[in-house]
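Residue numbers (full-length UniProt numbering), protein chains in the order written: chain A, 1 to 461; chain B, 1 to 461.
All residues carry an ideal CB built from backbone N, CA and C; glycine is no exception.
So the structure is just underneath, and the comments pick up after that.
There are 2 protein chains.
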Amino acid sequence: MAEDINDTVEREEDGYELDNRKVSAVRLAVAAGDAERLSEVLDPLHAADIADLLEQVDSGHRREILLLGATHIDGEVLSELDESIRDEVIEFLPKNVLDDAVRDLESDDVVDLIEDMEEPQQAAILDVLTDADRVAVEQALAYPEYSAGRLMQREVVAAPEHWNVGDAIDFLRSNKRELPEQFYHVFVVDPKMNPIGYVTLGKLLSTSRDVPMTSILEDSFKVIPVTQPESEVAYAFNQYHLISAPVVDDEGRLVGMITIDDAMIVLDEEHEEDILRLAGVGEGSLADRVIDTTKQRFPWLFVNLITAILASLVISQFEETIAQFVALAVLMPIVASMGGNAGTQSLTVAVRAIATKDLTGSNVWRVVRREALVGLVNGSIFAVVMGVVGVVWFGTPMLGVVIAVAMVLNLVIAGLAGILIPVTLDKFGIDPALASGAFVTTVTDVVGFFAFLGLAAAVLI
Amino acid sequence: MAEDINDTVEREEDGYELDNRKVSAVRLAVAAGDAERLSEVLDPLHAADIADLLEQVDSGHRREILLLGATHIDGEVLSELDESIRDEVIEFLPKNVLDDAVRDLESDDVVDLIEDMEEPQQAAILDVLTDADRVAVEQALAYPEYSAGRLMQREVVAAPEHWNVGDAIDFLRSNKRELPEQFYHVFVVDPKMNPIGYVTLGKLLSTSRDVPMTSILEDSFKVIPVTQPESEVAYAFNQYHLISAPVVDDEGRLVGMITIDDAMIVLDEEHEEDILRLAGVGEGSLADRVIDTTKQRFPWLFVNLITAILASLVISQFEETIAQFVALAVLMPIVASMGGNAGTQSLTVAVRAIATKDLTGSNVWRVVRREALVGLVNGSIFAVVMGVVGVVWFGTPMLGVVIAVAMVLNLVIAGLAGILIPVTLDKFGIDPALASGAFVTTVTDVVGFFAFLGLAAAVLI
Numbered sequence: 001m002a003e004d005i006n007d008t009v010e011r012e013e014d015g016y017e018l019d020n021r022k023v024s025a026v027r028l029a030v031a032a033g034d035a036e037r038l039s040e041v042l043d044p045l046h047a048a049d050i051a052d053l054l055e056q057v058d059s060g061h062r063r064e065i066l067l068l069g070a071t072h073i074d075g076e077v078l079s080e081l082d083e084s085i086r087d088e089v090i091e092f093l094p095k096n097v098l099d100d101a102v103r104d105l106e107s108d109d110v111v112d113l114i115e116d117m118e119e120p121q122q123a124a125i126l127d128v129l130t131d132a133d134r135v136a137v138e139q140a141l142a143y144p145e146y147s148a149g150r151l152m153q154r155e156v157v158a159a160p161e162h163w164n165v166g167d168a169i170d171f172l173r174s175n176k177r178e179l180p181e182q183f184y185h186v187f188v189v190d191p192k193m194n195p196i197g198y199v200t201l202g203k204l205l206s207t208s209r210d211v212p213m214t215s216i217l218e219d220s221f222k223v224i225p226v227t228q229p230e231s232e233v234a235y236a237f238n239q240y241h242l243i244s245a246p247v248v249d250d251e252g253r254l255v256g257m258i259t260i261d262d263a264m265i266v267l268d269e270e271h272e273e274d275i276l277r278l279a280g281v282g283e284g285s286l287a288d289r290v291i292d293t294t295k296q297r298f299p300w301l302f303v304n305l306i307t308a309i310l311a312s313l314v315i316s317q318f319e320e321t322i323a324q325f326v327a328l329a330v331l332m333p334i335v336a337s338m339g340g341n342a343g344t345q346s347l348t349v350a351v352r353a354i355a356t357k358d359l360t361g362s363n364v365w366r367v368v369r370r371e372a373l374v375g376l377v378n379g380s381i382f383a384v385v386m387g388v389v390g391v392v393w394f395g396t397p398m399l400g401v402v403i404a405v406a407m408v409l410n411l412v413i414a415g416l417a418g419i420l421i422p423v424t425l426d427k428f429g430i431d432p433a434l435a436s437g438a439f440v441t442t443v444t445d446v447v448g449f450f451a452f453l454g455l456a457a458a459v460l461i
Numbered sequence: 001m002a003e004d005i006n007d008t009v010e011r012e013e014d015g016y017e018l019d020n021r022k023v024s025a026v027r028l029a030v031a032a033g034d035a036e037r038l039s040e041v042l043d044p045l046h047a048a049d050i051a052d053l054l055e056q057v058d059s060g061h062r063r064e065i066l067l068l069g070a071t072h073i074d075g076e077v078l079s080e081l082d083e084s085i086r087d088e089v090i091e092f093l094p095k096n097v098l099d100d101a102v103r104d105l106e107s108d109d110v111v112d113l114i115e116d117m118e119e120p121q122q123a124a125i126l127d128v129l130t131d132a133d134r135v136a137v138e139q140a141l142a143y144p145e146y147s148a149g150r151l152m153q154r155e156v157v158a159a160p161e162h163w164n165v166g167d168a169i170d171f172l173r174s175n176k177r178e179l180p181e182q183f184y185h186v187f188v189v190d191p192k193m194n195p196i197g198y199v200t201l202g203k204l205l206s207t208s209r210d211v212p213m214t215s216i217l218e219d220s221f222k223v224i225p226v227t228q229p230e231s232e233v234a235y236a237f238n239q240y241h242l243i244s245a246p247v248v249d250d251e252g253r254l255v256g257m258i259t260i261d262d263a264m265i266v267l268d269e270e271h272e273e274d275i276l277r278l279a280g281v282g283e284g285s286l287a288d289r290v291i292d293t294t295k296q297r298f299p300w301l302f303v304n305l306i307t308a309i310l311a312s313l314v315i316s317q318f319e320e321t322i323a324q325f326v327a328l329a330v331l332m333p334i335v336a337s338m339g340g341n342a343g344t345q346s347l348t349v350a351v352r353a354i355a356t357k358d359l360t361g362s363n364v365w366r367v368v369r370r371e372a373l374v375g376l377v378n379g380s381i382f383a384v385v386m387g388v389v390g391v392v393w394f395g396t397p398m399l400g401v402v403i404a405v406a407m408v409l410n411l412v413i414a415g416l417a418g419i420l421i422p423v424t425l426d427k428f429g430i431d432p433a434l435a436s437g438a439f440v441t442t443v444t445d446v447v448g449f450f451a452f453l454g455l456a457a458a459v460l461i
């Protein structure tokens, strides 16, 4: 035991990051075919770090590590692995190692592991489980994807409402084998199995045996419907600082519980999704192959091509104007680019505020007005700057006026588009992080080029 | 009690979101000066929802709510409030309400509340606290900002290593007044107060009294240095699924603990910071005034103006070419825009991977190669598409060739810039989320215009 602890503390001082030295050590051990040395490096690593290690090396190395160090790949490592390489790892693990790893997992982790697998692969994994576990997994899979039902664990500790603290403690003592691996609350339920509150283990430990459970319930507690989307679950945990929460079915009966560590993972994934979707990247990880990454990025680039061609069509309406006055071609990207950036600013704030439920029907018009005003103020400042640049650079005062007016106009429109487009998409049930960017830049490009070139055609020629 | 529970459950069914009906009800009550009605609406709301409500109304309404419903603004509401309006709220709260609210808070929440305040305001709040609490807060403020020391709570439950389960339970029973409000582990410490492991409360409850504490320690446990940045703390909680972790000083002595709910808040804030910085928004919230928002967004727009002018300077080198061949002005934004988008894609993936420690020295060159290849493949596809568009639209085969070549070149460069720039910034200790965007678009604009117009000048004229 003492040795284990030293290992842990020593590792701690290195910082959390799986560092280069460890990755190199693994590479060397694998290159030398030295299973013992490999074990020495992998042994002190947390499952999450072993998973990261497997994600960071290329697929050739990965295969060698799996062959030489298979025994280190337990259930926990499997459930930490990024989906993109989990299938590959499962394929290359010796059957007996895989079976052990799967048996090792809690039912909610098995669900997470197999929910995206093809039928035959799924069946092969289910076969390994005990009957009780298999039933639990199959029931979880019956709930909609990304729902609380998929996220929850079925093992909970529930106490009838007539129990006192002593009853609950005696129950825990005599059922230690069936207790969840981690739990933080005892849920108190009525005779219909509806949860009516919970008691923290700390309170349970520090309260006399004869006190009724119902008199030490926590002030606030949240019940999660089994069909609730996991993103809402994560929001509730973050908003209300929940540690664990009971999950109930349609009739309000306790069917499982969700703990904050799982909610934190969902929150993290939701953020990742938002940030990647805003950049038009779709899902994807660094471990993906070139062809997969290319495919993920193609659609958004294609959408961008369409919007860019639209902008070009606007420009082509003014070919004659440009031919007479080439300075327009030099300056026009500035107006469009400033609009695009201002639009992205508003858009990002709006998308984030929608995700955190800070932007609602009750304040949307105030925010719209604010965005327009911000566009107006910043637009005016940059209009003056660019007006001066236009005059100084090209010596044509009217050109300065044209670019200034176009700048103000485009920055106001950018502010409005940046908020109205995501709000509208959200109303129609479309994820605003996914689609807003293309719409907003189309608007700012078209407005930017049209305002600048149109004004120029009217005024300069 | 029964009524409270009904309230909670009823509220639950409405969903988590503070809905419009409630905001309207508050507005109506305030307009009518009806304090009783206001209480009826605010009473069942969670502190986090009252805080959201205050953020969503404008500052006139906010003041009226504070006057009429001051008693509902307790410590918890204060600590849930967004910083941008917390100062305003504190200013308008009656002194006695504020004092009660502050006394209500745990020491870590007081720290969070006052760390950004001016000296006199800070002193006014510290004065309200008991001596013990004030000392605790002042000690926390002595740690660096955004460090584990600021985030931790000082109340912990520690057990000497020679205790058995019975000793620990007896200690909890006889010290219930001094226990932290929420705790999930008992930390086991050696005689020097160095933590050597922890025991979950669930294990404590289900184990016989005579079992030594050291024999039921959890497998893995993480110690957090008091000076560690809070972003690293949040990473560790998420990576290793920690629920609570001991915080230690330079000599490894236990000085406090951090719980997952606080780590989750930090993780959420870090994400918000990343997503807003990527869009060049800086800090800021919807509750900010127009002038504040304008100031936050101005710097990035200014940087963008500089990069746009740089791009214009490149274009101006080719004025003669454009004058002879106006189609170039029509098509050139397409090349730049595609490059900008592809660069943003790579950049976002890279920034996110750096944040999650998935992009490290051990795989950076593989990722760079991958980005270049993805740029090459997508660039080639779009080169063909645009080549055809160029020929069909303008009937000049060489124009098609020029745009195709420029497209491939810019997408490869975009992929490289999108990964190399954030990695380099990170190496120099600059947050890649903050500064990468400007660099990457400068590169793709300059390369896009230069390649396209330069090739055109060489080939077409």
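Pick helix, strand or coil for B:His-271, following the three-state DSSP scheme. B:His-271: helix per DSSP, three-state reduction.
message = Can you confirm whether B:Tyr-198, when its beta carbon is compared against all beta carbons of chain A, has any partner nearer than 8 Å?
response = No, because no Cβ of chain A sits closer than 8 Å to the Cβ of B:Tyr-198.
Per-residue DSSP class, three states only, for B:Val-226
It is coil, neither helix nor strand.
Is there a C-beta anywhere in chain B that falls below 8 Å from the one on A:Thr-293? yes
Exercise for the section: Using a cut-off of 8 Å between C-beta atoms, extract the partners of A:Tyr-146 located in chain B. Expected result: Neighbours of A:Tyr-146 across chain B, judged by C-beta separation under 8 Å, do not exist; the nearest C-beta is about 17 Å away.
Collapsed DSSP secondary structure at A:Ser-107 in the structure displayed: helix
Rounding to the nearest angstrom, what Cα-Cα distance links B:Ala-245 and A:Val-247 in this structure?
27 Å
Practice problem: Leaving aside the five residues before and after A:Asp-445 along the sequence, list all residues of the same chain whose C-beta is less than 6 Å from its C-beta, in chain order. | Solution: Within the same chain, A:Asp-445 has close Cβ partners Ala-311 and Ala-336.
* **Validate contact between the segment 320-339 of chain B and the segment 343-358 of chain A using beta carbons, cut 8 Å, 3 pairs** => no
Quiz item: Taking DSSP as the reference, what is the three-state secondary structure of B:Ala-158?
Solution: strand
Inset, instruction - Pull up the distance between the alpha-carbon of A:Ala-457 and that of A:Val-447, whole angstroms please. - result: 15 Å
- What residues from the segment 118-144 of chain B come within 7 Å of chain A, judged by C-beta to C-beta, listed N to C? none
According to the Cβ coordinates, are A:Ala-101 and A:Gly-75 closer than 8 Å?
yes
Boundaries (first-last residue) of the alpha helix (DSSP H) holding residue 479 of chain A
Outside the modelled stretch of chain A, which goes from 1 to 461, sits residue 479 of chain A, for which no answer is possible.
Going straight from the alpha carbon of B:Ile-196 to that of B:Asp-170, what length do you get? 21 Å
Next item on the list: With A:His-185 as the anchor, note down where its beta strand (DSSP E) starts and where it stops.
Entry: Following the DSSP letters along the chain, one finds A:His-185 inside the beta strand (DSSP E) bounded by residues 185-189.
Q) What residue range is occupied by the uninterrupted alpha helix (DSSP H) comprising A:Ser-79? A) 75-80
### Query
Hey, would you say B:Val-128 sits closer than 8 Å to B:Arg-103, going by beta carbons?
yes
Check your understanding: Would the beta-carbon of A:Arg-103 be found less than 7 Å away from any heavy atom of the ligand NAD?
Key -> Absence of the ligand NAD is noted for the structure shown, with no ligands found whatsoever.
Q. Beta-carbon of B:Asp-274 versus every beta-carbon of chain A: anything under 8 Å?
A. yes
Where B:Leu-18 sits in the DSSP three-state scheme: Annotated three-state conformation of B:Leu-18 is coil, per DSSP.
Practice item. Using alpha carbons as the reference points, say which of A:Glu-178, A:Asn-194, A:Glu-181 and A:Leu-204 lies closest to B:Lys-176. Key: A:Leu-204
Q. What residue from A:Gln-56, A:Glu-36, A:Ala-48 and A:Ala-31 has the CA that sits closest to A:Glu-64's CA?
A. A:Ala-31
- Does any CB atom of chain B fall closer than 8 Å to the CB of A:His-61? no
So, does the CB of A:Gln-153 fall closer than 8 Å to a CB anywhere in chain B? Output row for A:Gln-153: interface = no.
ask   = Just reading off the alpha helix (DSSP H) that B:Thr-259 is part of, what are its end residues?
value = Taken as a continuous stretch (DSSP letters only), B:Thr-259 belongs to no alpha helix (DSSP H), being part of the beta strand (DSSP E) at 254-259.
Residues in the same chain with beta-carbon distance under 8 Å from A:Asp-82, minus the five sequence neighbours each way, listed in chain order, please. Ala-51, Glu-55, Ser-285 and Ala-287
Open item on the list: So, at 8 Å on beta carbons, what are the nonlocal neighbours of B:Val-402 in its own chain, with the 5 sequence-adjacent residues on each side left out?
Closed with: Gly-390, Phe-452, Leu-455, Ala-456, Val-459 and Leu-460
Exercise. Distance, Cα to Cα, A:Glu-40 vs A:Pro-94?
Worked result: 21 Å
For a quick check, are the C-beta atoms of B:Val-137 and B:Val-110 less than 8 Å apart? yes
Determine, for A:Phe-382, whether the minimum Cβ-Cβ distance to residues of chain B falls below 8 Å. yes
Problem set entry | Closest by C-alpha distance to B:Leu-42, when choosing among B:Asp-58, B:Asp-19 and B:Ala-414 | B:Asp-19
Measuring only the C-alpha atoms, how far is B:Arg-277 from B:Phe-394? 41 Å
Contact the segment 355-362 of chain B vs the segment 288-295 of chain A: 3+ CB pairs below 8 Å:
no
Does the beta carbon of A:Thr-396 sit closer than 8 Å to a beta carbon anywhere in chain B? no
Check your understanding: Since A:Thr-200 sits in a beta bridge, which residues does DSSP pair it with?
Key -> A:His-185
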